[in-house]
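S.K.: Under the UniProt record's numbering, the first residue of the sequence shown carries the number 1, and numbering increases by one thereafter.
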Amino acid sequence: MLFNSDKRFSVEDGESVLDAALRAGVALAHDCRMGGCGTCRVRLLDGTVSYEDEPFGLTPEEAADGYALACQARPHSDLVIEPGIAEATPEPRRHSAVVRDVRPLCGSVNHLLLDVEGDEPPLFLAGQDST
Ligand code: FES
1 MLFNSDKRFS VEDGESVLDA ALRAGVALAH DCRMGGCGTC RVRLLDGTVS
51 YEDEPFGLTP EEAADGYALA CQARPHSDLV IEPGIAEATP EPRRHSAVVR
101 DVRPLCGSVN HLLLDVEGDE PPLFLAGQDS T
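Take a look at the structure:
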């Protein structure tokens with residue numbers, strides 16, 4: 001269940017909280033899906049989770065403060081979660097662009113170099129590069 005929301009979803013055995021949320025149409029912020037970027041950080045207001053491997057994008061102090069990485073977290077009970085950066089995430093907008101370069105970085109992560117058309121610059125978060 002999402003804090004301050006009527007959104008609820010079920011997590012299948014072995015499924016991450018993020019995958020279950022996306023499957024249910026609940027848009028949790030995410031990026032790498034590998035436990036590295038921290039974009040999917042949520043605060044656990046109730047319940048507990050564990051990880052197959054401790055994610056390097058979450059410090060022990062953050063975990064002790066009740067944070068979890070939804071892309072790696074497997075629930076051990078019903079959860080109440082508060083999305084971490086949803087409020088700071090810019091609303092999606094459509095831009096036209098020409099792809100100048102695509103460079104694979106790892107797994108499903110690619111570096112795109114785009115020439116964005118129009119006068120309105122795209123909004124982005126720290127960790128993304130708008131050049
Ligand atoms: S999406 Fe990057 S750590 Fe979860």
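Glycine included, each C-beta is placed from N, C-alpha and C at the ideal position. Given the structure is predicted, the values throughout are model-derived calculations rather than measurements.
Compare the beta carbon distance of residue 24 and residue 39 with 8 Å and say whether it is the shorter of the two.
M.R.: no
S.K.: Among all the DSSP beta bridges, which residues are the ones paired with residue 6?
M.R.: The partner list for residue 6 (beta bridge, DSSP) is empty, contrary to what the question assumes.
S.K.: On the criterion of 16 or more Cβ atoms from any shown chain inside 10 Å, does residue 60 qualify as buried, or is it exposed?
M.R.: Counting C-beta atoms within 10 angstroms of its own C-beta, residue 60 has fewer than 16 neighbours from the protein chains shown and is therefore classed as exposed.
S.K.: Could you please give me the residues that DSSP links to residue 26 through a beta bridge?
M.R.: Residue 26 pairs with nothing; no bridge assigned.
S.K.: Once you ignore the five residues that flank residue 77 on each side, which residues in its own chain have a CB closer than 7 Å to its CB?
M.R.: The residues are 47 and 48.
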